[in-house]
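Residue 183 in UniProt numbering sits at position 183 of the sequence shown, and the numbers go up by one each step.
For every residue, glycine included, the Cβ atom is placed at its ideal position computed from N, Cα and C.
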Amino acid sequence: MESKRGEEEEMTITLKCLPGGVEVVLSPENAEAVAKESLKIWEMINSGEKEAGFRVGEGVLRKAMEYCYEHGRRKRYTLVDFMYGGQYYPPHKHPAEYEENKAVDEGLRDWDNDFIRGCDTETVLELITAADHLMIIRLSDLVCQSIVDMTIGDAMIGEGADMIQKIFKVKFDMTQNELEEEDNENRLMLLNKSVLKESNVDSLLELSDFIASPPTDEHSD
């Protein structure tokens, strides 16, 4: 159920930061670990693609790789093992393997919290872009949750869009009525904040049972 074995594991992956072309190089060992969290790196390894460019800064790209490596090096299975690709292992048919992977992530919650606390606001925002380009689902969840915590925490009630603009140093191109509507939605989100504490990965994996290719006869039992 692990990623393909063979010569692709010996590939060195080169990631280029655009513009500028600064390179972040992953050794074969590191690339294999990162691929267990990054669907993009997994695709590169399995397609033989050795280089790719991303519009993110070097520091942010290295932070994204750090996250993937810390989680991936501890796992036997990739996220793809449970979703799609050369093998198909839906979680409800292979609960032990899925729970093993999930236990790794749960065991790294303190590490995740320290990882986010070590990022300034600008880096947190840029990590959203990096997670999107590299298709790192769990990192996207972590970063989005940190933004939720910063913008609709108990101390932020009543602050709304003005405080969000101040924290993230952005300017919303919205009318006053639209900003008020957003503030009302944020307050409603606060009432249901506990729901946002859970990762979207479980739901995604459940959805994959419906959208992925049907299992082959070999794995249909």
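May I have the straight-line CA-CA distance separating residue i from residue j, to the nearest angstrom?
i: Leu61; j: Thr129; result: 10 Å
i: Asp105; j: His71; result: 7 Å
i: Gly107; j: Cys68; result: 15 Å
i: Ile116; j: Met11; result: 30 Å
i: Thr14; j: Asn177; result: 47 Å
i: Arg74; j: Ala103; result: 10 Å
i: Val24; j: Leu79; result: 23 Å
i: Gly53; j: Lys40; result: 11 Å
i: Trp42; j: Lys93; result: 23 Å
i: Val22; j: Glu122; result: 20 Å
i: Asp110; j: Glu66; result: 15 Å
i: Val201; j: Val148; result: Residue placement at Val201 is poorly supported in this model, since its pLDDT is 45, which falls under 50; the coordinates still yield a value, given next. For Val201 and Val148, the distance between alpha carbons rounds to 17 Å.
i: Ser27; j: Glu49; result: 14 Å
i: Gly20; j: Glu29; result: 26 Å
With distances taken from CA atoms, which of the options is nearest residue i?
i: Glu51; options: Phe82, Ala31 and Gly59; result: Ala31
i: Val124; options: Glu100, Ser27 and Met150; result: Met150
i: Ala35; options: Ile137, Glu181 and Glu122; result: Ile137
i: Ala96; options: Asp110, Arg76 and Arg109; result: Arg76
i: Asp114; options: Glu122, Lys93 and Ser146; result: Ser146
Apart from the five residues on each side of it in sequence, which residues of its chain come closer than 7 Å, Cβ to Cβ, to residue i?
i: Ala131; result: Ala64, Leu139, Ser140 and Val143
i: Asn101; result: Lys75 and Tyr77
i: Val56; result: Cys17, Glu126, Thr129, Ala130 and His133
Is it true that the CB of residue j sits closer than 7 Å to the CB of residue i?
i: Ser47; j: Leu134; result: no
i: Cys17; j: Glu58; result: yes
Whose C-beta lies closer than 6 Å to the C-beta of residue i among residues of the same chain, with five residues either side of it excluded?
i: Asp112; result: Leu142
i: Glu181; result: none
Per DSSP, residue i is paired with what?
i: Lys16; result: Glu23 and Gly53
Taking 7 Å as the CB-CB limit, is residue i close to chain B?
i: Thr121; result: The structure shown contains no chain B, having only a single protein chain.
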